[in-house]
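See below for the structure under consideration.
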Amino acid sequence: MGFSYHKSGMDCRRTCLHFAILLLLWNTTSAQIRYSIQEELKIGTTVGNIAKDLGIDRGTLADRNLRIVTGAKQDLFQVNGRDGALFLNQRIDREELCGKSTPCHVNLKAVIENPLEMHHVTVEIVDVNDHSPSFPSKESRLEISESAMPGARFQLEGARDPDVGVNGLRFYKLNQNEHFRLEIEDLNENTKIPFLILQKGFDRETAPSHSLQLTALDGGTPHRSDILNITVIVLDVNDNAPVCKKQKYTVIIRENAPIGTFVVKVNASDLDAGANGEVTYAFGNKFSSHASELFDLDSESGEIKVKGLIDFEENQVYEINIQASDRGSVPLSTHCNVFVKVEDVNDNKPEIDVTSLSSRIREDAPVGTVVALMGVTDLDSGVNGQVVCTLAEDLPFDLKPSSEGNFYSLVTKSPLDRESVSQYDITVTAKNLGNPSLSSTKTIRVEISDINDNSPVFSENPYTLYLVENNAPGASMFSMSASDADEGENAQVSYSLGHVSAGHSVASFLNINPENGIIYALRSFDFETVKTFQFNVVAKDSGTPSLSSNVTVKVFILDQNDNAPVILSPVSANGSAEGVEEIPRNVNAGHSVAKVRAFDADIGYNAWLSFSLQHATDASLFGLERYTGQIRTLRSFTETDEAEHKLVIVVKDNGNVSLSATATVIIKAVEPKEAFAASDTESAVQSEEENNVTFYLIITLSSVSALFLLSIIGLIAMQCSKPPDYSPKYSRDPNYADTSGNGTLCHSIQYRSGDKRYMLVGPRMSIGSAIVPGSNANTLMVPDHRRGTSGEPKAPNADWRYSASLRAGMQSSVHMEESSVMQGAQGVLVQNWPTVSSAAGDAEGGEVSPPVGAGMNSNSWHYRYGPGPGYPPQALKPGEVPEAFIIPGSPAIISIRQDQGGPDDKSDFITFGKKEEAKKKKKKKKGKEKKEKGKDGEEE
-7 MGFSYHKSGM
3 DCRRTCLHFA
13 ILLLLWNTTS
23 AQIRYSIQEE
33 LKIGTTVGNI
43 AKDLGIDRGT
53 LADRNLRIVT
63 GAKQDLFQVN
73 GRDGALFLNQ
83 RIDREELCGK
93 STPCHVNLKA
103 VIENPLEMHH
113 VTVEIVDVND
123 HSPSFPSKES
133 RLEISESAMP
143 GARFQLEGAR
153 DPDVGVNGLR
163 FYKLNQNEHF
173 RLEIEDLNEN
183 TKIPFLILQK
193 GFDRETAPSH
203 SLQLTALDGG
213 TPHRSDILNI
223 TVIVLDVNDN
233 APVCKKQKYT
243 VIIRENAPIG
253 TFVVKVNASD
263 LDAGANGEVT
273 YAFGNKFSSH
283 ASELFDLDSE
293 SGEIKVKGLI
303 DFEENQVYEI
313 NIQASDRGSV
323 PLSTHCNVFV
333 KVEDVNDNKP
343 EIDVTSLSSR
353 IREDAPVGTV
363 VALMGVTDLD
373 SGVNGQVVCT
383 LAEDLPFDLK
393 PSSEGNFYSL
403 VTKSPLDRES
413 VSQYDITVTA
423 KNLGNPSLSS
433 TKTIRVEISD
443 INDNSPVFSE
453 NPYTLYLVEN
463 NAPGASMFSM
473 SASDADEGEN
483 AQVSYSLGHV
493 SAGHSVASFL
503 NINPENGIIY
513 ALRSFDFETV
523 KTFQFNVVAK
533 DSGTPSLSSN
543 VTVKVFILDQ
553 NDNAPVILSP
563 VSANGSAEGV
573 EEIPRNVNAG
583 HSVAKVRAFD
593 ADIGYNAWLS
603 FSLQHATDAS
613 LFGLERYTGQ
623 IRTLRSFTET
633 DEAEHKLVIV
643 VKDNGNVSLS
653 ATATVIIKAV
663 EPKEAFAASD
673 TESAVQSEEE
683 NNVTFYLIIT
693 LSSVSALFLL
703 SIIGLIAMQC
713 SKPPDYSPKY
723 SRDPNYADTS
733 GNGTLCHSIQ
743 YRSGDKRYML
753 VGPRMSIGSA
763 IVPGSNANTL
773 MVPDHRRGTS
783 GEPKAPNADW
793 RYSASLRAGM
803 QSSVHMEESS
813 VMQGAQGVLV
823 QNWPTVSSAA
833 GDAEGGEVSP
843 PVGAGMNSNS
853 WHYRYGPGPG
863 YPPQALKPGE
873 VPEAFIIPGS
883 PAIISIRQDQ
893 GGPDDKSDFI
903 TFGKKEEAKK
913 KKKKKKGKEK
923 KEKGKDGEEE
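Position one of the sequence shown corresponds to residue -7 (my numbering), numbered consecutively onward.
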């Protein structure tokens, strides 16, 4: 086939050794194959089969993309991607490729993908005897003085053969003659200089010239040769030629030596005198023509200096032939040879050649994944050509060198995260070991492809939404957004509704746009029905597998003024807001005639009711309190006043768009006897109910009194057992508020202002320094400043009242979840419950409590604390308390009097239900009986 596995001159042992090495190299990802071929083979000649030698299945070659990378060399070889055969792509001339260098190798790289592999292929180019030795010229003229003595040496120009080894120049032959014999001097393996040795002197007169034939032969089979025709001219005068002091000069010079650098001085002498003994120097033959471009020769002194760029990578040795001639009329000459060896310096940067690159890898690629393969070369030699490649330390990549050291694989050394870094510009630095060191860089861009490893993230968690009731169905109520750190489909987020906290579906009244997260209300919300609810929204990306996250949305419904006031009293039998009240004609001005009671299902200002008199038969006779709805007489009746009066009362709330309701009260003025008769009739109907209430009240008060006494005894015992330095909490902090609770209905507020302390308890209340443990009654404990000079509590004030609406509210259990106390007499706290405003006595300060049937879903209360509706703000002195305040969550209204010392000063007390009305009726009945007895006595 024209090639062999480097078998020329090898014995069996060497062949086996190479075969074993080849087997070892096949098992690595960087194996090395050696082939040997002769030069001048035909294009297309097969060198070897790479796939077969590497043990690669030929059936996979088409998919694995087998190719040859030649680097800086020409494309001398190609590989068949189907069967793996390596063949010649160009004609190879070993002399042109390698010159005199031996052996001549061509290094190739075989790259295979899927998986990525790289193997080294070395092809040795074996020389063939395709060149004959050749002389610089076919004719040579040699002038020799007739006075030349036998033994004189005459150097001839030697022949040159580009071939190497046995195919190069081997010997010369001189034709048979009587005057000369041939002598050969070996300067090196490929340089042989012929000399003519004079054996017999000349006689110019007999033979002025002689013809010789010098044949140069190589060692090839068959031999190749060249003939030099030498003409010897016999001179008569100058019979001594110059003689070089040294036939061979060897000098070492560094490459890139500056111009003008001294190289060597050639010295030749001539035994003749005068002009025949003066020696001049010149470059000898055409083989020194390239040297003459780089070096300068002084013809007089024989000094050689640098005049061009000396490059070690271009040529490591320069051979210069110097001809020394005298100045005789017929000059005589000789030749000297100068060998200039170039010493390498580190003047070449390493070169990085990326042979294969995966420019995009997944972020979940395992550690050790090969990203790229690259080769590194440096044209310098020795240490200057040894290269080390490095990467930046902060990169998740590493370089793995091959066994030869001039090939590297770029691999991952730690996990990748595209969300942190989406692409890497990896700079590979190649640095040689010269002094000073030279380096070069190569930047490789690697993009990280995304995987779905991030769940959507909401901008808030949880979301809080405040929505005004009576919203339009189908309108947008809220927009939420979630972001995903991934990209593409992995970052496309869709939204869906979850469930409320109780697990019920919200799809019946809510809808969400799956693309933009806008939430729509499918129906209108009513604050009075639902005050708050919550649901979940799920954000899901489009990755495979999909990831999701959810967020809780808390919705609070805000109240609107969409409920008109409802009249509770008066109410007629047919349900209309009408009522009839009878009063004696002899009442004085300020007499309480009736009270209009109403409530509003809204909250806050929307439920703040005010009363106004729309129509009155006689506006000068009756007056209406604006905030309590209390109807009172403005003056006493006169004889001219009518007996029946009709009052139309308008109840309005305080919303932006006020809503109202009307009530009609017919007042009949009767004579005192008729009034008492009507009162007796009504009292008889209700006497049994009042007796029952009184019975239960007595039992309750007895229980409370017993518990109170037990609590006092316990407190006294506790005080006696405490150390002397003990002081209660309120003694350390003059202004504080404490909350406590027991059970679902026992929530308390302890409030201290100045030297007064109040304890507000759930729907039950006590005022004082302590709460009676276990007490379930509404208890008022009078603080120190309310006591008389003797220290005993004052008598209860009969002005404490309890409206009918609040009696109805007693049927509902109120769980107070929020307590607050505002200091200052003018503080106003508004509860989140429908407000009942009713008229009471003068001492009653306004009421706030949930009506009958009010929902218990509210999570927040706002309490009103201060003077009741209809009463102007009180200017209080330091240490005083307001006359009236509201107990949050309680159907009780507390009024505190501070008129101390007067005969009418009474301690405050709490009454229940209709007891106050029953007391009034009893008083009227007793008064009537006294009058009747008085009349009877007079009659008697």
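Glycine residues also receive a C-beta, built at the ideal position from the N, C-alpha and C atoms.
Using CA atoms only, rank isn't needed, just tell me which of the options is closest to residue i.
i, options, result
"V449", "N555, K532, R589, R145", "K532"
"F389", "D218, T620, I436", "I436"
"R352", "I344, E343, V362", "V362"
"V98", "S488, W600, E88, T419", "E88"
"G490", "F69, A483, E481, S500", "S500"
"N453", "A464, K546, I440", "K546"
"S93", "L514, V118, V113, V71", "V118"
"F163", "I219, E131, S132", "I219"
"R26", "I84, D49, A102, A54", "A102"
"K405", "L391, R627, D610, Y416", "L391"
"A483", "G426, P537, S468", "P537"
"V585", "S628, E177, N444, L365", "S628"
"G466", "A513, D339, P428, A316", "A513"
"I225", "E197, N248, T692", "E197"
"G582", "I623, D551, V543", "I623"
"T207", "P186, P214, V530, L227", "P186"
"P576", "T630, R618, T544, W600", "T630"
"E109", "I296, E335, S126, A364", "A364"
Exposed or buried, which one is residue i when buried takes at least 16 other CB atoms within 10 Å?
i, result
"S602", "buried"
"L46", "buried"
"N232", "buried"
"F904", "For F904, the predicted structure reports a pLDDT of 37, less than 50, and the residue's modelled location is therefore unreliable. The matter cannot be settled from this model."
"D67", "exposed"
"T456", "exposed"
"M710", "exposed"
"P141", "The sequence shown places Met at residue 141, not Pro. It counts as exposed."
"I251", "exposed"
"H607", "exposed"
"Q147", "buried"
"K240", "exposed"
"K587", "buried"
"I504", "buried"
"R152", "buried"
"I559", "buried"
"S697", "exposed"
Check the DSSP bridge columns for residue i and list the partner residues they point to.
i, result
"K532", "S486, S540"
"C328", "I314"
"E573", "I659"
"P186", "I176"
"N340", "None, per the DSSP bridge assignment."
"S652", "K644"
"Q938", "Summary: the structure shown does not reach residue 938, with the chain confined to residues -7 through 932, and so no result is reported for it."
"M366", "V346, Y400"
"I705", "DSSP lists no partner for I705."
"Y273", "A316"
"P393", "Y400"
Consider the C-beta atom of residue i and the heavy atoms of the ligand PLP; say whether any pair is separated by less than 7 Å.
i, result
"V309", "Among the components of this structure there are no ligands whatsoever, and the ligand PLP is therefore not found."
Every unbroken beta strand (DSSP E) inside the region 443 to 519 [3 residues or more]: 455 to 460, 468 to 471, 485 to 492, 502 to 504, 510 to 513
3-residue-minimum beta strand (DSSP E) runs that sit fully inside the region 21 to 93, ordered along the chain: 24 to 30, 38 to 41, 59 to 61, 69 to 71, 77 to 80
Given 8 Å, three or more beta-carbon pairs between the region 283 to 303 and the region 202 to 219: no
Inter-stretch contact (C-beta, 8 Å, three-pair minimum) for the region 652 to 661 and the region 627 to 640: yes
Cβ contact check for the region 307 to 316 and the region 396 to 408: 3 or more pairs under 8 Å: no
Beta strand (DSSP E) runs contained entirely in the region 82 to 153, provided each spans 3 or more residues: 96 to 104, 109 to 118, 131 to 137, 145 to 147
Complete beta strand (DSSP E) runs within the region 543 to 569 (minimum length 3 residues, chain order): 558 to 561
Three-pair Cβ contact test at 8 Å for the region 366 to 381 versus the region 406 to 422: yes
Touching by the beta-carbon criterion (3+ pairs, under 8 Å), the region 549 to 564 and the region 604 to 618: no
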